[in-house]
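Below you'll find the structure, written out as C-alpha cells, and then a few comments.
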Amino acid sequence: MGISSRKSQTAQQPSQPRFGRMDLGLEHVVDGISRAKDWLLGQQHEDGYWCGELEADTMLEADYIFMHTLLGTGDRGKMERAVNEIVRHQNDDGGWRLYPGGPSNISYGVKCYFALKLMGWSKDDPRMTKAREWVLAHGGVVQCNTFTKIYLCALGQYDYDAVPAIPPEIILFPNWFYFNIYEISSWSRGILVPLSIIYAKKPFKKIPPEQGIDELFVGGRKNSNLHLHWDRKRPIGWRNFFLLTDRMIHWFERVHIRPLRTIAIRKGERWMLERFEKSDGLGAIYPAMLNSIVALRCLDYSLDDPQMIRAMDEFEKLGIDCPEGTEDYPTPTFRMQPCFPPVWDTAQAMYALGEAGIGRDDARMLKAADWILSKEVRQKGDWAEKVKHVEPGGWYFEFNNEFYPDVDDTGQVLLALNFVDNPRERYQYEVCQRALNWIWAMQCKNGGWASFDKDNTKMIFQYIPFADHHAMLDPPTVDITGRILEMLANYGYTRRDKRVEKAIQFVLKEQEPDGSWFGRWGVNYLYGTFLVLRGLEAMGIWNHEPAIQQAAEWIRMVQNADGGWGESCISYDDPVQRGIGPSTPSQTAWAVLGLLAAGDTRSDSVAKGIRWLVSKQTEAGTWDESAAGRNHEAIYTGTGFPRVFYLAYHLYRDYFPLLALTTYKRAMEKEAASD
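To convert, count from 1 in the sequence shown and add 41; that's my numbering.
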C-alpha cells in the first residue's frame with residue numbers, strides 16, 4: 042500500500058487511526074486496555090492499596106529452617122513444606138540458583154543442602170548426592186560468602202575464627218570518621234548491625250552428627266584451609282590491608298582485648314530497638330529481620346519478651362503457606378517473601394490506571410490516594426545522618442518502614458498522586474511539596490539519585506572481607522534518575538533548573554557504547570533504558586538527538602523473533618547478554634515504552650511488540666510471566682542486588698503492559714489527529 046492510498050483510507054475513515062504494517066487494529070488495543078484495567082482494579086485491597094506477591098529464591102526457605110533450628114522454634118509442618126519448596130527449585134545439575142534458569146550458586150547450594158539435612162534428609166538420597174557432588178566440584182563450603190559461614194558457625198559447621206570479623210565496635214565510629222556505618226548502604230546497615238552482635242556473642246548449638254555437612258568440605262573439614270586467602274597478584278592493595286586488619290581483630294578476640302565491646306553491643310542493641318518502631322521489623326526486609334531475631338536471643342531476650350514476640354510475628358507474616366498446594370503446583374509448600382511491596386505496587390497501579398483514563402475523582406483512585414498519603418514519612422531516619430536541614434517527607438516501599446524512605450518510591454508516588462483530584466487538595470499539595478523538597482535534598486553530587494542515601498559511593502568498602510555480598514554501597518543510578526526526571530517534568534520543572542540539567546547530564550554520561558543504560562533495580566538494560574528515555578522525553582529532549590536514537594536502535598536490535606522482549610538476570614554477570622532472554626510481558630512493555638518515548642511510533646518493532654502484548658493477554662485481562670516447563674516458576678524481572686539477589690514482582694505483568702498499551706493508543710490517536 043502506497044503513501045497516497047494510506048492517506049486516502051485515513052481520510053475516508055477518520056475514526057480509525059493510521060497504523061504500521063504489523064499492528065492490530067486499535068479496537069483490539071482498546072479492548073486489551075479495558076480488560077487490563079478491570080483486572081487490575083479487581084486486585085485492589087478493600088483498604089485502597091495494591092500488594093502483589095514478591096517472589097525470591099530458595100535462600101529464604103533455607104534460612105527460615107536454619108533460624109528455627111537454631112532457636113528451637115517454628116512450626117514443623119511449615120518447615121516440612123519449606124523443604125518441598127527448596128526441592129522444587131533444585132537445578133538439574135544438583136545445585137540451586139539465584140533465579141529461574143540461572144546457574145547454580147555455591148552459597149545457595151550449601152544452604153539448601155544443610156537445610157535438608159537439618160530436616161532429616163539422608164546424604165545418600167539421590168538428590169542430596171547430586172547436590173553434594175556439585176558443591177564439591179565448585180570448591181566446597183569454603184567458597185561460600187560470609188553471611189552463610191556465620192550461620193554455619195552458629196550450628197557448629199564452621200569456625201568463628203575463620204570467618205571475616207564483623208566487630209560491633211564499628212557502630213561507635215563517629216559520622217565524621219571515614220569508616221562509619223552511614224557510609225555503607227542502608228540495607229547493609231540493617232543486616233550488619235545485628236550480625237555484628239551475633240558475631241560478638243558467637244551463638245552455638247550442637248546438632249546431631251548426621252545433620253552436619255563435613256562431607257561438603259573438599260578433602261574433609263579437618264584438611265580444609267578455612268581462612269581467607271591473600272591476594273598474591275596485588276600484595277600491596279586494599280584487600281590485603283583489610284585481610285591483615287581482619288587477622289589482627291581475630292587475634293584481639295582470642296586474647297580478650299575488647300575494651301569497647303560492651304559499649305558497642307549496647308549501642309547496637311539500642312540502634313536495633315529504635316528502628317523496630319514504626320517499622321514491620323528491622324528495615325522491613327527479610328535478612329535484617331532474621332538477623333535481629335537471632336541477635337535478640339544472643340542478648341538474652343526470652344522468647345516471650347514483647348520485643349521478641351513482635352519481631353517474630355513480623356517475620357512470620359512474610360510467609361505464604363499452601364498446605365493444600367496450588368492449582369499450578371499441587372504439592373504442599375511454604376515460601377517466604379523478602380518483604381511486602383504495597384507502596385510501590387499501589388503507586389505503579391495508580392499511575393497506570395490514571396494514564397489509562399480512570400477519572401481523577403474516581404472513588405477507587407481517591408481511596409488509593411488516601412491510603413498512600415497515610416504512609417508519608419514524618420520523622421527523620423538514617424538518611425538524615427548525612428542530609429541535614431530538610432523536613433522529613435517521601436515514602437518507603439513496605440507497609441511500615443519509617444526510618445527508610447527511598448527516592449524511587451517517592452518519585453513514583455508523586456507521579457501517581459498527580460492523577461488524583463483529592464478533596465483534601467491543600468493537604469495533598471503540602472505532602473507533595475515536602476516530598477519534592479526531600480528529593481531535591483537527596484540529589485547526589487554528580488546529579489543523579491540513589492535509592493536510600495546520598496553520595497553513598499566510597500568504593501573502598503567493597504574490599505572489606507565481610508563485604509562479599511557485593512551490595513555495600515548505594516550509588517546514584519540512571520533508572521531512578523530517569524524516573525525522577527519524568528516526575529519533575531510532571532510537576533513543572535524544566536531544563537532551566539540547573540539541578541534538572543545536572544541530572545540530565547548524569548544520565549547521558551552513563552549511556553553504554555551500544556546506546557543502552559544499565560538497570561540497577563530492574564532486569565536490566567531494558568529497564569534502565571526505558572526509564573531514561575521516558576525521563577528525557579518528559580524533559581523535552583529532542584528525540585532525534587543521537588543518544589536517543591542510538592538507544593531506540595538498541596531496543597529494536599534486541600527484539601525477539603516472536604515480537605516480544607526479554608532479558609535474563611545473567612546480563613549482570615555478562616553484559617554481552619544484555620537484552621537477551623525469553624519474552625516477558627513486563628520487559629516487552631518496557632521496550633515498547635522506551636521506543637514510544639524515543640518517538641518511534643511507526644516501526645515494525647513497536648507494532649510487533651503491541652501485537653505480542655495483545656495476543657498474550659488472557660481473557661481475564663492479565664498476563665502470564667512464568668517460565669515454560671519449570672513448575673510455573675515466575676521469571677525474575679526485578680533486582681534486589683545485582684549478581685546476588687533477584688525478584689519477581691507478581692503485578693509487574695499487569696500494570697506495565699497496561700501502561701504500554703495506553704501509551705501506544707495515545708500516540709496513535711495523536712498521530713491520527715495531526716494527520
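Glycine residues also receive a C-beta, built at the ideal position from the N, C-alpha and C atoms.
Predicted model only: the values in this text are computed from it and were never measured.
Query                                                                                                                      : Result
Between the CA atoms of I304 and I232 - distance to the nearest angstrom                                                   : 20 Å
Contact set for Y105: own chain, Cβ-Cβ below 6 Å, skip 5 residues either direction                                         : A123 and M377
Nearest-angstrom Cα separation, counted from V70 out to Q348                                                               : 52 Å
Residues near H109 in its chain [Cβ-Cβ closer than 7 Å; skip 5 each side]                                                  : G115 and M120
Y504 (DSSP reduced to helix, strand or coil)                                                                               : helix
Start and end residues, alpha helix (DSSP H) containing A708                                                               : Y693 to S715
Segment contact flag, the region 496-512 with the region 176-187, C-beta cutoff 8 Å, min 3 pairs                           : yes
Beta-carbon contacts of N37 that lie in its chain and below 8 Å, excluding the five residues immediately before and after  : The chain is shown only over 42 to 716; residue 37 falls outside these bounds and no answer can be derived.
Helix, strand or coil at R376 according to DSSP, with G and I counted as helix                                             : strand
Whole-angstrom distance between Y705 and D64, CA atom to CA atom                                                           : Here the model assigns D64 a pLDDT of 49, short of 50, so the residue's position is not dependable and the matter cannot be decided.
C-alpha distance - R62 paired with W595, whole-angstrom precision                                                          : Confidence is the limiting factor: at R62 the pLDDT is only 47, short of 50, which leaves the residue's position unreliable, though a coordinate-based value still follows. Each residue's Cα considered, the two are about 21 Å apart.
6 Å CB neighbourhood of Y90 in its chain, flanking five on each side removed                                               : P383, T387 and W412
Identity of the residue in Q618, G563, M353 and A639 nearest L688 by Cα                                                    : G563
Within-9 Å CB hit, P144 to chain D                                                                                         : The chain inventory of the structure shown lacks chain D, comprising one protein chain alone.
Simplified DSSP assignment, three categories, for R401                                                                     : coil
DSSP-derived helix/strand/coil call for R173                                                                               : helix
Whole-number beta carbon distance between E417 and G434, since they are thought to touch under 8 Å                         : 7 Å
Cutoff 8 Å; reference V448; Cβ partners in own chain excluding five residues on either side                                : G435, I480, M483, W490, A491, S492, F493, I521 and I525
Chain-order list of residues whose beta-carbon lies under 8 Å from that of E357 (same chain, five-residue window excluded) : none
Beta-carbon proximity of A206 to Y149, cut-off 9 Å                                                                         : no
Distance CB(L323)-CB(I248) smaller than 9 Å                                                                                : no
Burial state of W217, where buried means 16 or more other Cβ atoms lie within 10 Å                                         : exposed
Identity of the residue in D603, R575 and A648 nearest A718 by Cα                                                          : Absent from the model: residue 718. The displayed extent of the chain is 42 to 716, so no value can be given.
For Y201, the nearest candidate out of K649, K190 and M169 (CA to CA)                                                      : K190
K308 vs I212 beta-carbon contact at 9 Å                                                                                    : yes
C-alpha distance - L529 paired with T535, whole-angstrom precision                                                         : 8 Å
Delimiting residues of the beta strand (DSSP E) encompassing D362                                                          : G360 to C363
I505 versus L112, G143, F282 and P446, residue with shortest Cα-Cα distance                                                : F282
Beta-carbon proximity of G93 to Y693, cut-off 9 Å                                                                          : yes
Nonlocal neighbours in the same chain, by C-beta distance under 8 Å from N531, ignoring five residues either side          : L455, L456, N459 and A579
CB contact flag (G635, G73, <9 Å)                                                                                          : no
Classification of P464 by the beta-carbon crowding that lies within 10 angstroms, buried from 16 upward                    : exposed
Identity of the residue in E426, Q84, T629 and D555 nearest K649 by Cα                                                     : T629
Close Cβ partners of E315 (< 6 Å) along its chain, the five nearest in sequence each way excluded                          : none
7 Å CB neighbourhood of S45 in its chain, flanking five on each side removed                                               : Residue placement at S45 is flagged as unreliable, the pLDDT there being 30, under the threshold of 50; a coordinate-derived value is accordingly withheld.
Nearest residue (CA-CA) to G679, options G422, R540 and P141                                                               : P141
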